[in-house]
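Participant: First, the structure itself, so that you have it in front of you.
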Amino acid sequence: MHDVTHAVRRRRDLIIAAVLISVAACVPLFVKDVYVQNIMVLTLMYAALSQSWNILGGYCGQISLGHALYFGLGAYTTAILLTKFGVLPWFGMLAGGLISALIALALGYPTFRLGGHYFAIATIVIAEIAYLLFLNWDWAGAALGIDIPVREDSWLRFQFTRSKLPYFYFALAFAAVAWLVTWWLENSKWGYWWRAVKDNPEAAESLGVVVFKSKMGAGAISAFLTAIGGAFYAMFVSYIDPESVMSFQFSLLISLPAVVGGIGTLWGPVLGAAVLIPVTELTRSFIGGSGRGVDLIVYGGLIIIISLTRPDGLLGLFSRKRKKEAVR
Amino acid sequence: MTALLETRGVWQRFGGLVANSDVSISVGRGEIVGLIGPNGAGKSTLFNLIAGVRPPTQGTIWFDGHDITATPATERCRVGIARTFQVVKSFETMTVIDNVIVGALVRNTVMREARRKAFEVLEFTGLSARADVPASELIPSEKRRLEVARALATEPKLLLLDEVLTGLTPLEAQTGVELVRRVRETGVTVLMVEHVMEIVMPLVDRAIVLDLGKVLVEGKPTDIVRDPKVITAYLGDRHAVGA
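If you read the sequences in order, they're chains A and B. Counting from 1, position 272 in the first sequence corresponds to residue 272 in the working numbering; the numbering is continuous, with no gaps. Counting from 1, position 184 in the second sequence corresponds to residue 512 in the working numbering; the numbering is continuous, with no gaps.
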């Protein structure tokens, strides 16, 4: 009886996702405005990035504020391989993902021994060091960055100048894959191990959970997916420098949707990105030009209001109703 | 047949403090053994050594014919030792059944089987009606039962209970006592630390009394409660005179 309701709930999530993806895929048929399409691409990209971050930060409870590192590595690997070696971005994307995963393992080896806030601080510092290294690394363009030469539109080279739609569909696919990976992991041994590690490492160990290995696994998967997003972003904007792909603000932009939407939940990152990214972009376009930072005040204010009224994230708006049903 | 669990000359020192000195105990298969003693007797230290929290300073621990002295805590539940915590350590953000699934994953690799096993254990421990509730919403006695359920889901040969009956109402404690008896009926050996004598004594087959880090006496509960040495340890010399 019980496992039936569980299976039903899992299938319901899958159906909702399928419907949302189908609806999203149709939106460009009606929305022709390039500016709005741009916002949609970014929203989907951050939904996917935050979903990736959520695997380590939300499920496994290891709050990383340095994911800009993996985002930047994905972007740089793709851009360098393409401009210097003529490697297609699809392979660059994969290479960036693998490099990031390996770096995540190497960095995890010392940092996953740190508890709580110390881990978060270490991630900030490490990402900042990487940022400075890239800022001074001449071969990788240093502060000038890398310009990806624009040629004819091509799926092979993943470059499109006439339309944003290919980027949109890639971002949608990326978000769908990140969601699906999370959906699958949530009901796997790893998913259970991660949540156990987050809630109580000592109890987890007594139940056979290999805490360190769990963290390493979460870190590698999270970094891999984040780098895919970085690779996509590099092709999307066709110019990268340390400031635009590796600065601290990306670490925040990647983690915030999950935190605001509902940390450690399947739908939190999607919901958080759907609210935060359009607000960021719209406030920046319409009131950001004043130079007084009004857009950031609005953005910050929104986050404060959400964290005060819905400390568990926006998803709490939905689950409260569900809880009432359960009580009945 | 050899004992299921044996500690041989186990010492545990913390700096200058000797928490366990030369402790040799054994627990036979199918027994319910009580590990009792006044506060500071070294019960929890010994318990943690058996659970694998840290290796003893000296001595060896044997389980099911193997030396497990160096086996880390994570591995011990695979060997067949499961434990509960004195201060409950539920996975608060997870539902009750998800808590138990973590334990069930030790012996079940397929999720569906782990879930089924977990639900079985919840029914056994009387928590099945609470399966989908977050662990944070359980009342204290339910959390204690969840600790036991999680441990049982690992399908242990030996269940280590750390003061699971302490701090419960008499009725709750009685339910707990019955649960421990039923656990034993399924073939699981139980070693329990308690310091409330009147609850454990009717339950255990044998009691081991620790005092000042050493084994003071061991034997049938009825003999233990009359032993002058035990009375002295618990109540001081004055009360032992009349015994």
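Even for Gly, the Cβ is constructed at its ideal location relative to N, Cα and C.
For the candidate residues B:Thr330, B:Asn427, B:Gly541, whose alpha-carbon lies nearest to that of B:Pro462?
Facilitator: Minimum Cα distance to B:Pro462 is reached at B:Asn427.
Participant: Here's a check: name, in chain order, each residue in its chain whose Cβ is nearer than 6 Å to the Cβ of A:Thr123, leaving out the five neighbours to either side.
Facilitator: Answer for A:Thr123: Ser64, Leu65, Gly66, listed in chain order.
Participant: Can a CB atom of chain A be found closer than 8 Å to the CB of B:Asp426?
Facilitator: Output row for B:Asp426: interface = yes.
Participant: Counting only the same chain and skipping the five closest in sequence on each side, list residues whose C-beta sits under 7 Å from that of A:Asp153.
Facilitator: Excluding positions up to five away in sequence, the list reads Gln159, Phe160, Thr161, Arg162.
Participant: Suppose you measure from the CA of A:Thr283 to the CA of A:Ala17; what does that come to, to the nearest Å?
Facilitator: Answer to the nearest angstrom: the Cα atoms are 28 Å apart.
Participant: Nearest CA to the CA of A:Arg345: which residue from A:Arg9, A:Leu314, A:Pro201, A:Val237?
Facilitator: The question about residue 345 of chain A has no answer, for chain A in this structure spans 1 to 328.
Participant: Hey, A:Thr78 and A:Ala223: beta-carbon distance below 8 Å or not?
Facilitator: Cβ distance not < 8 Å, so A:Thr78 and A:Ala223 don't count as in contact.
Participant: May I have a chain-ordered list of the alpha helix (DSSP H) segments no shorter than 4 residues that lie completely inside the region 354-422 of chain B?
Facilitator: The region 354-422 of chain B contains these whole alpha helix (DSSP H) runs: 371-379, 401-407.
Participant: Taking all protein chains shown into account, do 16 or more other C-beta atoms lie within 10 angstroms of the C-beta of B:Tyr562, making it buried, or fewer, making it exposed?
Facilitator: That one is buried.
Participant: Would you kindly work out how many angstroms separate the C-alpha atoms of B:Glu483 and B:Thr453, rounded to a whole number?
Facilitator: Near 14 Å, if we compare the C-alpha coordinates of B:Thr453 and B:Glu483.
Participant: What distance in whole Å lies between the Cβ atoms of B:Thr517 and B:Val355, which are believed to be in contact at a cut-off of 8 Å?
Facilitator: Going by Cβ atoms, the distance from B:Val355 to B:Thr517 rounds to 6 Å, so yes, they are a contact pair.
Participant: Between A:Phe71 and A:Tyr131, what straight-line distance do the alpha-carbon atoms span, to the nearest angstrom?
Facilitator: Between A:Phe71 and A:Tyr131, the C-alpha separation is close to 11 Å.
Participant: Closest by CA to B:Lys471, which one among B:Thr514, B:Lys417, B:Val505?
Facilitator: Out of B:Thr514, B:Lys417, B:Val505, B:Lys417 has the C-alpha closest to the C-alpha of B:Lys471.
Participant: For A:Leu207 and chain B, any beta-carbon pair shorter than 8 Å?
Facilitator: With 8 Å as the cut-off, A:Leu207 counts as an interface residue toward chain B.
Participant: Report the residue ranges of all beta strand (DSSP E) runs contained in full by the region 179-204 of chain A; include only those spanning at least 3 residues, in chain order.
Facilitator: Fully enclosed beta strand (DSSP E) runs of 3 or longer: not present.
Participant: Pick from B:Ile467, B:Met525, B:Asp460, B:Arg510: whose alpha carbon is nearest that of B:Leu480?
Facilitator: Nearest option by C-alpha distance: B:Arg510.
Participant: Please go through the same chain and pick out, in chain order, the residues whose beta-carbon is closer than 7 Å to the beta-carbon of A:Asp312, but skip the five residues on each side of it.
Facilitator: Only Gly262 meet the Cβ criterion.
Participant: Is A:Leu266 helix, strand or coil by DSSP?
Facilitator: Correct three-state label for A:Leu266: coil.
Participant: Can you find a CB in chain B that lies within less than 8 Å of the CB of A:Val259?
Facilitator: So, not an interface residue.
Participant: Which residues in the same chain as A:Phe250 place their Cβ atom closer than 6 Å to its Cβ, once the five residues preceding and following it in sequence are excluded?
Facilitator: Closer than 6 Å at Cβ, skipping near neighbours: Ala68, Phe71.
Participant: Spell out the partners DSSP gives B:Thr517 in its beta bridges.
Facilitator: In the DSSP output, where bridge partners are listed per residue, B:Thr517 has B:Leu486.
Participant: Should B:Glu475 go down as buried or exposed, given a rule of 16 or more other Cβ atoms within 10 Å for buried?
Facilitator: Buried, because 16 or more other Cβ atoms sit within 10 Å of the Cβ of B:Glu475.
Participant: Can you check whether the C-beta of A:Tyr192 is within less than 8 Å of a C-beta belonging to chain B?
Facilitator: Chain B contact via Cβ: present.
Participant: For A:Asp312, which of helix, strand or coil comes out of DSSP?
Facilitator: If DSSP states are grouped into helix, strand and coil, A:Asp312 belongs with coil.
Participant: Which class does B:Lys471 belong to by DSSP, given the choice of helix, strand or coil?
Facilitator: Here B:Lys471 sits in helix by DSSP.
Participant: Which ranges does the alpha helix (DSSP H) cover as unbroken runs of at least 4 residues, wholly within the region 62-119 of chain A, from first to last along the chain?
Facilitator: Runs of the alpha helix (DSSP H) inside the region 62-119 of chain A: 68-85, 89-111.
Participant: Using a C-beta to C-beta distance shorter than 8 Å, which residues of chain A count as neighbours of B:Ala379?
Facilitator: Correct list: Ser206.
Participant: Could you tell me whether the region 531-540 of chain B touches the region 354-370 of chain B, using the rule of 3 or more Cβ pairs below 8 Å?
Facilitator: Taking 8 Å as the limit for Cβ pairs, the verdict is that the region 354-370 of chain B does touch the region 531-540 of chain B.
Participant: Going by other Cβ atoms of all chains shown within 10 Å of its Cβ, with 16 needed for buried, is A:Phe22 buried or exposed?
Facilitator: According to the sequence displayed, residue 22 of chain A carries Ser and not Phe. Exposed: under 16 other Cβ atoms inside 10 Å.
Participant: From B:Asp551 to B:Val351, what distance separates their C-alpha atoms?
Facilitator: One C-alpha to the other measures close to 21 Å.
Participant: DSSP has B:Thr335 in a bridge; who is on the other side?
Facilitator: Looking at the DSSP assignment, B:Thr335 forms a beta bridge with B:Ile353, B:Ile389.
Participant: Exposed or buried, what is A:Ser285 when buried is set at 16 or more other beta-carbons lying within 10 Å of its beta-carbon?
Facilitator: Answer is exposed; the Cβ neighbour count stays below 16.
Participant: So, for A:Ala176: in the same chain, excluding its five sequence neighbours on each side, which residues have a beta-carbon less than 7 Å away from its beta-carbon?
Facilitator: Excluding sequence neighbours, A:Ala176 sits near Ile21.
Participant: Within this structure, are the beta carbons of A:Asp199 and B:Glu420 separated by less than 8 Å?
Facilitator: Yes; because the gap between Cβ atoms is below 8 Å, this pair is in contact.
Participant: Within the 8 Å Cβ cut-off, does B:Lys417 reach chain A?
Facilitator: Yes, its Cβ sits closer than 8 Å to a Cβ of chain A.
Participant: Find the residues of chain B that neighbour A:Ser163, judging by a C-beta separation of less than 9 Å, and give them in chain order.
Facilitator: In chain order: nothing, as chain B lies at least about 43 Å away.
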